[in-house]
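Below: the structure, in C-alpha cells.
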Amino acid sequence: MNWIVNNLPQVWQLTLQHLATSLPPIALSFVISVPIGWAANRFRWSRGFLLTVFALLYAVPSLPLFFVLPALIGTGLRDSVNVVIALTLYGVALMARSTADGLESVDPDIQLSATAMGFSGWTRFWRVELPLAGPVLLAGIRVVAVSTISLTTVGAVLGIPSLGILFTDGFQRGIVAEILTGIVVVIAIALLVDALLVQIGRLLMPWGRADATASTGRLDRRARRAAAA
Amino acid sequence: MNFFVEAIAWILDPRHYGGENGIDTRIVEHLVISFGVVLVAALIAVPLGYAIGHTGRGRAAAIALSGGIRALPTLGLLILIALGVGIGLTAPFIALVVLAIPSILAGAYSGFEAVDRRTIDAARSVGMTEWQVVGRVEVPLGLPLLIGGLRAASLQVIATATLADYVGGGGLGHFLFLGLKTNDYPQVLAGSFVVILLAIVSEILFGVIQRLVIPAGVSAGMSTNVRVRSPRSQAATG
C-alpha cells in the first residue's frame, strides 16, 4: 500500500500513457473494419479471401510485430506509434470477422423490405444493415477493447511507456506491490472500457433489450460465438 | 530494407544452428514449451468445459472467468509469479496455462452447446446411457469447436511464449531479448521472423485439422443447405 501512495503520480502518468496508446487502436479498428466487413460480405469470393488474410494477420504474434514494424515503416524501436499500429492491425483482424458475420446475420427479407421502401444501397447499408448488425459488432469490439488494453503492456519490454512499465520495473527492483498495482489497474481499465462500450451499445441500440427474446437465434449465436472467440 | 536482408542472412547463417543457442534448438524448445502448456491447459479445461456443456450449469461463471482472464495482462502475471518462484521456466509455464485455459474451455462447452437438442433427445430415446450420449454424440459433434478452441489457445501460447525468456525461460524470445540488450537489430528481426513463421504454420495446420475432424455425417448434412426458417412468418412479424 505504501508503494502506491508514494508513487501515485507515476502510476497516474503511466495510466494516461496507457490509455493514449490503447484507445486509438480500439477506435481505429472499429472504423477500418466496417468497409472491410462490407467488402468481405458483398461478394462470395472476397469473403473467403479477406477473412483468411485477416485470420493469418491475427496469427502474427504481437511482440515480434513490435520489432518488425520499425524496420517496415522507419519509426524508432521505442516509439509508441509501433504499438498503436500493431494493435490496430490486430483489432482489424478480429473486427473484420465480426463485422462480416454481423452483416451476414441481417435477415435477407429485411434487406429486401428496405429496398422495397425505397432505400438506396448506400442508405440501406448505413440505416438498416449496420444498425441490425450492431449486437455482433458490439460483441466484437468488446473483445478487441479488452485484449488491446491487456496487450498494450507488452510494449514495456522494449521500454515503450504504458502500465506494463510497472511490471518490468517491478521485476528489476523486486517490488511485488508495483506489479500487483499494474495488474489491478490494467484489469480495472479494461472492465471500465468494456462497461462503457455496453452503455454506448444500449444508447445506440435501444431496441436491443426489448427485442432480446424475439431476435433470431442465428444472430444470438453469432454474437455469442464472437464473445467466446 | 537493409535490415530485412541482414535478418534473413542471420537466419541462413550456418553458425546460428546447432548447440544450446542454435535457431533449431530454440525452435524445438519453443514448441515443447507451447505443446506442454496447451496439454496441461487442455487437461484442466476440457473436462471442465464438457461438464459445463453437458449439464448447462456454470456457464455464466465460465464466461465471466474467461472475460476476466482475457483482461489479465500475461506479462504482469508472468513477472509476478517469477518474483515468487524465481527465474526459469516455471513462471512462464503457469502464466501461459492460465492464458490458454479460456479459449479451450469456451471451445469445449460451446461444442457441446452447439449440438442440436433434438439430436440428444434422439440419442436418449434410442436407449443410450448418459455416458454414451456424451462419448458418442456430444464429443464427436463438438470436436470441430473444441479444435477451434485449441487452435486459438495454441496460437496465443506460441505467440506469448516469446515472453518466457524475459524471466529466463528460454524459447525463441531468447533472440529477441539478447538482440535487444546487445543492440543487434538483425538478430531481433530474425528471431521475430521465426516466431511469426511458426505461428502462421501452426494456424494453417490447425485449420486443416479442424476440417478433418468434422464427422462425416455432419459435413454431408452441411452441403444440402436446407433453409429451415420460414421467410413468410419473419416478414409478417418483423
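Going down the list, the sequences are from chains A and B.
Quick note: the first sequence, position 195, residue 195 per UniProt numbering, numbers continuous.
Quick note: the second sequence, position 78, residue 78 per UniProt numbering, numbers continuous.
We put the beta carbon where it would ideally sit given N, CA and C, even for glycine.
It should be emphasised that the depicted structure is a prediction, and the values quoted were computed from it without experimental measurement.
- Judged by DSSP in its simplified three-state form, residue 121 (chain A) adopts helix.
- Using beta-carbon distances, residue 192 (chain B) counts as an interface residue toward chain A, with a partner under 8 Å.
- The region 122 to 167 of chain B is shown to contain whole alpha helix (DSSP H) runs of 4 or more residues at 139 to 160, in chain order.
- In terms of beta-carbon proximity, residue 30 (chain A) stays away from the interface with chain B, with every pair separated by 8 Å or more.
- DSSP places residue 22 (chain B) outside any alpha helix (DSSP H), giving it a letter other than H or E.
- Look at residue 80 (chain A): its C-beta is not under 8 Å from any C-beta on chain B.
- Counting every other CB atom within 10 Å of its CB across the protein chains shown gives residue 39 (chain B) a total below 16, marking it as exposed.
- For residue 93 (chain B), the enclosing alpha helix (DSSP H) starts and ends at 90 to 113.
- Contact check for residue 164 (chain A) against residue 156 (chain A) passes: the beta carbons are separated by less than 8 Å.
- Residue 95 (chain A) carries a helical assignment under DSSP once its states are collapsed to helix, strand and coil.
- Listed along chain B, the residues sitting closer than 8 Å to residue 153 (chain A) by beta-carbon distance are 73, 75, 76.
- For residue 206 (chain A), no Cβ of chain B is located within less than 8 Å of the residue's own Cβ.
- Residue 124 (chain B) does not reach chain A, its nearest Cβ partner there being about 23 Å away, counting only Cβ pairs nearer than 9 Å.
- Its chain contains 101, 104, 105, 108 as the residues whose beta carbon lies nearer than 7 Å to that of residue 45 (chain B), once the 5 sequence neighbours on both sides are disregarded; these appear in chain order.
- Here residue 101 (chain A) carries a helix assignment [DSSP, helix/strand/coil].
- Taking a C-beta distance under 8 Å as the contact criterion, residue 57 (chain A) and residue 86 (chain A) do not qualify as a contact pair.
- Looking from the CA of residue 179 (chain B), the closest CA among B:120, B:171, B:189 belongs to B:189.
- Nearest CB-CB separation between residue 190 (chain A) and chain B: below the 8 Å threshold.
- Among the residues of chain B, none has a CB under 9 Å from the CB of residue 132 (chain A); the nearest is roughly 10 Å distant.
- Taking the C-beta atoms as reference points, residue 171 (chain A) is found nearer than 8 Å to residue 83 (chain B).
- Identification of residues in the region 164 to 197 of chain B having a C-beta nearer than 8 Å to some C-beta of chain A yields 166, 167, 173, 176, 177, 180, 185, 188, 189, 191, 192, 193, 195, 196, given in sequence order.
- Fewer than three beta-carbon pairs drawn from the region 67 to 84 of chain B and the region 119 to 130 of chain B are found closer than 8 Å, and the two stretches are therefore not classed as touching.
- Residue 117 (chain B) has its alpha-carbon roughly 53 Å from the corresponding atom of residue 79 (chain A).
- Judged by their CB atoms, residue 80 (chain B) and residue 98 (chain B) are not nearer to each other than the 8 Å cut-off.
- Think of a sphere of 7 Å around the beta carbon of residue 108 (chain B): no beta carbon from chain A falls inside it, the nearest being about 11 Å out.
- Using a Cβ-Cβ cut-off of 8 Å, residue 146 (chain A) is close to 67, 70, 71 of chain B, given in chain order.
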